[in-house]
Structures are given as C-alpha cells and as structure tokens.
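Following: one structure in structure tokens, then a few remarks.
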Amino acid sequence: MIEFRSVSKQYPDGTRAVDEFSLIIPSRKTTVLVGSSGCGKTTLLRMINRMVDPTSGVIEIDGKDISTIEPVHLRRDVGYVMQNSGLLPHRRVIDNVATVPILKGVPKKQAHEDALALLDTVGLDRSLADRYPAQLSGGQQQRVGVARGLAANPNILLMDEPFGAVDPIVRTDLQNETLRLQRELDKTVVFVTHDIDEAFLLGDQVIILEKGAHIAQQGSPEEILANPVSEFVANFIGADRGKRRLAVSSIAHPQGDDLVLVDAGGYAAGVIAAPGGQLATANPTPKSRSISNKTSQAGDA
Amino acid sequence: MNIFAEGIAWLFDPAHYGGVDGIDTRIGEHIMISVIVLAIAAVIAIPVGYLIGHTGRGRVIVVVSGGVRALPTLGLMILIALNVGVGLEAPVIAFVVLAVPSILAGAYAGFDAVDRRTIDAARAVGMTEWQIVTKVEIPLGLPLLMGGLRSASLQVIATATLADYVGAGGLGHFLFLGLQTRDYPQMLAGSIVVVLLALFSELLFAILERLVVPAGVRAGERADNQEDVRAKSVRSRTATG
Ligand SMILES: Nc1ncnc2c1ncn2[C@@H]1O[C@H](COP(=O)(O)OP(=O)(O)O)[C@@H](O)[C@H]1O
Ligand SMILES: [Mg+2]
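As you go down the protein sequences, you meet chains A and B in turn.
Mapping of the first sequence onto numbering that gives the first Met the number 0: residues 0 to 300, in sequence order.
Mapping of the second sequence onto numbering that gives the first Met the number 0: residues 0 to 240, in sequence order.
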C-alpha cells in the first residue's frame, strides 16, 4: 500500500505542482492517475521513487515513511517505465533489462537468463536480446522498458504515459498486454496517463486530477462513469461519452449467435456473444472495458 | 634544384640521422614532448570537464578557458622560462595551457550531449551518480572527448616547434638553426616532418573517434541513414520470396 498524506510539491521556480494531495493506493491493484498535461501527474509518480522529494507531507510505502529510505536503494526496488522507454542506447536489449538486477548484485549469467525469460513475459522474441534499442520499433522499445521495470521483481511498478508515443494500434496491443501482465503478476501498479479511455481500460481505481493534482474524483471506472461528481469530471470523461456508449445494432443482423454493437456514430464497435438471442453476461469487466476502448478508437478513426 | 627538392634531399641524407641532432632523435623528442603535454592536459581537463558536464555547474569555466587559447604561447613560454629556467618545464607548462581548453571542451560537450532523458532514466532505475558517470556519460561522451583530444594534439604538435627556443629540443631545432644559418632546406625538412606528424595525429584520432562510438549508437545512426535501403531490401525480398 502506498499512502500520500497532505503532500505538496513546490518547484524552486515557484510552480506549485502538487497541492495538499492525499491518497491511498491499494496493493496489487492498478491505480491510474489521469488528468490533462501539467496537472502534476508525473510529479506525483516521481515522488514515489524519490526522483522528486515533496516540499511537505509524508509518503509511506507499507507504513514506512519513504523519506527515511535511501533514494538509490528505493529506486532499485520500484519498477519505473517511462514514455520514451529511457533505454540506454549503448547497451543491448538484454543488458538493458538486466541493468537493475546487476546493480543489485545478481550474477551476470543469472541476470541474463532472467532477462530472457522476461522478454517472453512481455511478448518479445528472444532473438531481439542482442539488438540495440535503436534497432527496435517504438512499441518493442516500450516492451523492453516494461521488462526492465519488472526485472528486479518489484512489488510496485510506476508507469508514466508508457504508451503515449506509440501509434494507436500498437498502443491497444500494449494496453491489452498490460492487463494480461497485471492478471499474471499481481503488482501494485501506478499508471499515469492523460487518456481517459486508457485510464478506464486499465484502472481498478481511477483518480481524475485537476491542476495542482487536486482530486476531482476517484473511484472505479464504473462508479465514475455512472456518477460523475462535478461538471469538470463530466466534461473530462464526457466529451466523447456518447461515442463510448454502445447499443445493439438494429440494422446489422446478428451473425449466428453474435450481436453487432455500434457506437453513437453508427460505427460497428464489435460483436458480443448472444447465444439464442440472449446477451452473455459472464465475465463483464475486462471484456466490456476493452470494447469501450475499441469504440473510441473507431470513433477517432 | 628547387628549394622543395633540396628539403626532401636534406631529409633523406643519412648524415642527418643518429646523434643528438639526428632527425630521428628530434622526432622522438617532439613526440615525447607532445605526449607528455597531452597526458598532463588530459589529467587536468577531463575530470574538470566531466564534473561540469555532469553537474551542469561552472559552464563559464569552459567558455573562459576557450579564451585562454588566444594567449600567445611563445610569450607565455618565455615568461615561464624566465622564472623556471631553460629546459623542458617551461614549454610543457605553456603547451598544457594551450591544450587544456580543447580537451576540457570535448569532455564537457561529450557529457552535455547525452540525452537528459537517458540520464534521468538511469537515475530512476537506481544508478548512483558515480554509476551514471561511468556507465552512461563516459561511454556516450567518448567520441566528443576524442574530438577534443584530436584538436589539442594537432595544436600541440604544431606548437611544440617552439620548445627548442628555450632549449627543450624537438623538431623546432631545425627551424631555428636553419633560420640562423640561412639553411632553408634544413628548415623545410623540419617543417615537412612536423606536417607529417600532424597528419599522423589527425589520422590516429580520426580512427579512434570512430572506434569509440558505442555500437548501439552507431546502430542508431545506421537506422536513421538507411531507411531507404531497408525499404528497398524489403521490396527485393518480397519479389524473390
Ligand atoms: N523540474 C521542474 N521545475 C519546475 N517546474 C516543473 C518541473 N517539473 C514540472 N514542473 C511544473 O509542474 C507542473 C506539473 O508538472 P508535471 O508533474 O510534469 O505534470 P504532468 O505530468 O501532469 O504533465 C507543471 O506546471 C510543470 O510545468
Ligand atoms: Mg507528465
């Protein structure tokens, strides 16, 4: 569990990036911080691994005040994935992934074996292990970045707009992989994005932020969608909300036992199993979320 | 016979080899002075340049030291010699002053050119400052450092001809002696050797500069330059496959 208690951050130039922020981030869940650019998301995230120290307030990990933990030590225990992958350009993929374990004293041979296994985990072919970052696509680089973040087997994984710079199709891939990873690995993930669809897709808990990292609303995606507490939230999630609402198409006739779903614009968003004309209701959460995401993609296209 | 041919002839005259005034001896001295100067300058300039590059503090030192290059080396050398006497000391100090700015600038620029995001990422995954310097900034900064050493070496080799003015030997001997005795072929022979040494240094450092580019960085450059080539090869593969 990560707890922020009345945390503020004022940068030396006077910018108050975070103002009296309090939040409990539960373990083994994905918490998404979402808000427009400049609202303080990155600052919040980087305070968790002491890349930024708060001006006031306390941050605790599992009850321990992190200001008492040596930053280098803390960072080696917290996975961090950033937008530009942040890979070392002069090191091969395998060495990039093995960086943190080697810093922590794992023998090189062992670290390399583990790194190869991690490439499998993040869906990269092992043949890429000897490549340099510049020889990979943007999406592959991000996967390597995730593998590196996971290499020391941290309990906490921080992700700062990790898919912001890849094209939409690859992004959808990576988002689904992230959902799969989270199911398999059970980490405490803190994920930053400005994309509300991504937030709703990935988050167990979503925190919508205004400038100064003021919390506009927090809750599960369903709670927020069902009951936006303010005009601000409604606007933030609602600009394309109509697009996100799906309906069973009355024009497109079901193919066999499937129904076609369309969005507000009339674009086909996907199909849903409907044996004998009844909607299948099992396992609603991940599936319905990934459909809502595709809808917005279709609307954007 | 024209003066140039006479110079060449002087250079190949076996009588001018061996002994204290032999061309070979003077080349040896010249190289020795240059290497000593570069080594001392590097020991001073590289740590300072790295420190400035890593911390981003004290950039003004790089700028000011660049201005020092404008000091007349001959005057400086004589001034020092008046204090410490004739011999190797005065020219070495004066040439170190000449060589430091280029090396300092190269060391600093090498660090400064490393993508801030790469360094930030290295820090965020838990590298200590020392590890960031040794495992990230030094390897990525080597090509620019080599560039600095290259220009320092060129300057020192050219300027080391002044050393003999205060009795420190080197190829300047042939220039000063030739000038006094109006032995122009000898002067020319000396100059030719200096030019050859300078060219050799350029070649050496040009090779080193290429060699120290990390493989991953070179791969990146290739990837940038050869988009076209790749597109073509994909096409031909599709055609044959
Ligand atoms: N190192 C810094 N120095 C000064 N101001 C900063 C610094 N980093 C971020 N800021 C400012 O703090 C605010 C929040 O930034 P950031 O946390 O990066 O927001 P986000 O990640 O949500 O875009 C912005 O106004 C930004 O300009
Ligand atoms: Mg940010």
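We treat Cβ as the ideally placed atom computed from N, Cα and C, and that holds for glycine.
What residue from the options has the CA that sits closest to residue i's CA?
| i | options | result |
| --- | --- | --- |
| Tyr130 of chain B | B:Phe199, B:Leu203, B:Pro100, B:His53 | According to the sequence provided, residue 130 of chain B is Gln. The question's Tyr does not apply to it. Minimum Cα distance to Gln130 of chain B is reached at B:His53. |
| Ala98 of chain B | B:Asp114, B:Asp119, B:Asn82, B:Ile45 | B:Ile45 |
| Leu73 of chain B | B:Pro142, B:Gly6, B:Asp163 | B:Asp163 |
| Met158 of chain A | A:Gln141, A:Ile168, A:Pro106, A:Ala151 | A:Gln141 |
| Leu141 of chain B | B:Tyr107, B:Ala120, B:Ala167 | B:Tyr107 |
| Leu115 of chain A | A:Val228, A:Asp94, A:Gly78 | A:Asp94 |
| Pro213 of chain B | A:Val71, A:Tyr131, A:Val99, A:Gly85 | A:Tyr131 |
| Thr187 of chain A | A:Ile195, A:Leu178, A:Asp194 | A:Leu178 |
| Ala38 of chain B | B:Ile7, B:Gly65, B:Phe94, B:Ser64 | B:Phe94 |
| Asp12 of chain A | A:Thr54, A:Ile24, A:Phe20 | A:Thr54 |
| Arg74 of chain A | B:Leu144, B:Asp119, B:Val85 | B:Asp119 |
| Ala104 of chain B | B:Val59, B:Asn82, B:Val124 | B:Val59 |
| Val33 of chain A | A:Leu118, A:Asp196, A:Pro100, A:Val270 | A:Asp196 |
| Gly218 of chain A | A:Gln204, A:Glu209, A:Gly211, A:Leu208 | A:Gln204 |
| Leu70 of chain B | B:Val83, B:Ile51, B:Val96 | B:Val96 |
| Gln9 of chain A | A:Val270, A:Ile223, A:Gly211, A:Gly237 | A:Gly211 |
Given that a residue counts as buried once 16 or more other Cβ atoms are within 10 Å of its Cβ, and exposed if not, what is residue i?
| i | result |
| --- | --- |
| Arg170 of chain A | buried |
| Phe199 of chain B | exposed |
| Ile2 of chain B | exposed |
| Gln109 of chain A | exposed |
| Phe190 of chain A | buried |
| Gln216 of chain A | buried |
| Thr294 of chain A | With a pLDDT of 41 at Thr294 of chain A, under the threshold of 50, the modelled position of that residue is not reliable, and the figure given next carries that caveat. Buried is the call here. |
| Thr133 of chain B | exposed |
| Gly6 of chain B | buried |
| Gly240 of chain B | In this prediction, Gly240 of chain B has a pLDDT of 34, which is less than 50 and means its spatial position is unreliable; nothing more can be read from the coordinates. |
| Ile32 of chain B | buried |
| Ser35 of chain A | exposed |
| Phe173 of chain B | buried |
| Phe11 of chain B | exposed |
| Asn292 of chain A | With a pLDDT of only 42 at Asn292 of chain A, under 50, the local geometry of the prediction cannot be trusted, and the value read off the model is given with reservation. Buried: at least 16 other Cβ atoms inside 10 Å. |
| Thr117 of chain B | buried |
Residue i CB to nearest chain B CB: under 7 Å?
| i | result |
| --- | --- |
| Pro227 of chain A | no |
| Ala133 of chain A | yes |
| Tyr79 of chain A | yes |
| Thr98 of chain A | yes |
| Leu102 of chain A | yes |
| Gly138 of chain A | no |
| Gly163 of chain A | no |
| Val145 of chain A | no |
| Leu232 of chain A | A quick correction: the sequence has Val, not Leu, at residue 232 of chain A. It does not: the Cβ of Val232 of chain A has no partner Cβ on chain B nearer than 7 Å. |
| Arg75 of chain A | yes |
Answer with yes or no whether the minimum CB distance from residue i to chain A is below 7 Å.
| i | result |
| --- | --- |
| Ala106 of chain B | no |
| Pro138 of chain B | yes |
| Thr95 of chain B | Contrary to the premise, residue 95 of chain B reads as Val rather than Thr in this sequence. No, Val95 of chain B lies away from the interface with chain A (no Cβ there is under 7 Å from its Cβ). |
| Val216 of chain B | yes |
| Gly84 of chain B | no |
| Gly219 of chain B | yes |
| Arg236 of chain B | Confidence at Arg236 of chain B is low in this model, with a pLDDT of 43, below 50, so its placement is unreliable and no value can be given for it. |
| Thr133 of chain B | no |
| Val124 of chain B | yes |
| Arg116 of chain B | yes |
| Ala112 of chain B | no |
| Ala44 of chain B | no |
| Thr127 of chain B | yes |
| Ala120 of chain B | yes |
| Ala222 of chain B | yes |
Quick one: list the residues of chain C neighbouring residue i, beta-carbon separation under 9 Å, in chain order.
| i | result |
| --- | --- |
| Pro213 of chain B | Absent from the structure: chain C. Protein chains present are A and B. |
In the DSSP assignment, the beta strand (DSSP E) including residue i goes from what residue to what residue?
| i | result |
| --- | --- |
| Ser7 of chain A | 1-9 |
| Val188 of chain A | 187-192 |
| Ile23 of chain A | 15-24 |
| Thr30 of chain A | 29-33 |
| Thr55 of chain A | Sequence check: residue 55 of chain A is Ser here, not Thr. That run of the beta strand (DSSP E) goes 55-60. |
| Tyr79 of chain A | 77-80 |
| Ala208 of chain A | Checking the sequence, you will find Leu at residue 208 of chain A rather than Ala. Counting along the chain, the beta strand (DSSP E) containing Leu208 of chain A begins and ends at 204-209. |
Would you give the residue range spanned by the alpha helix (DSSP H) that residue i belongs to?
| i | result |
| --- | --- |
| Ala146 of chain A | 137-149 |
| His29 of chain B | 22-54 |
| Val63 of chain B | 58-67 |
| Thr98 of chain A | 92-102 |
| Met158 of chain A | Unbroken run through Met158 of chain A is the beta strand (DSSP E), 155-159; no alpha helix (DSSP H). |
**OP:** Examine the Cβ distances between the segment 204-220 of chain B and the segment 139-152 of chain B and report whether three or more of them are shorter than 8 Å.
**Re:** Segments in contact, yes.
**OP:** Spell out a yes or no on whether the segment 40-51 of chain A and the segment 216-236 of chain A are touching, meaning 3 or more CB-CB pairs, one atom from each, closer than 8 Å.
**Re:** The way I'd put it, the segment 40-51 of chain A doesn't touch the segment 216-236 of chain A; fewer than three beta-carbon pairs between them come closer than 8 Å.
Original post:
If you pair each beta-carbon of the segment 39-46 of chain A with each one of the segment 13-23 of chain A, do three or more pairs fall below 8 Å?
Top reply: Contact holds: three or more Cβ-Cβ distances are below 8 Å.
Original post:
Contact between the segment 60-68 of chain A and the segment 79-93 of chain B: three or more CB pairs below 8 Å?
Top reply: The segment 60-68 of chain A makes no contact with the segment 79-93 of chain B, as fewer than three CB pairs between them are under 8 Å.
Original post:
Any chance the segment 147-163 of chain A sits against the segment 82-101 of chain A, with 3 or more Cβ pairs inside 8 Å?
Top reply: Touching, yes.
Original post:
Does the segment 122-137 of chain A come within contact of the segment 88-104 of chain A, defined as at least 3 CB pairs closer than 8 Å?
Top reply: Three or more pairs of CB atoms, one per stretch, sit closer than 8 Å, so the segment 122-137 of chain A contacts the segment 88-104 of chain A.
**OP:** Assess, as a yes-or-no matter, whether the segment 175-186 of chain B is touched by the segment 111-128 of chain B under the definition of 3 or more beta carbon pairs within less than 8 Å.
**Re:** In short, these stretches do not touch, since the Cβ pair count stays below three.
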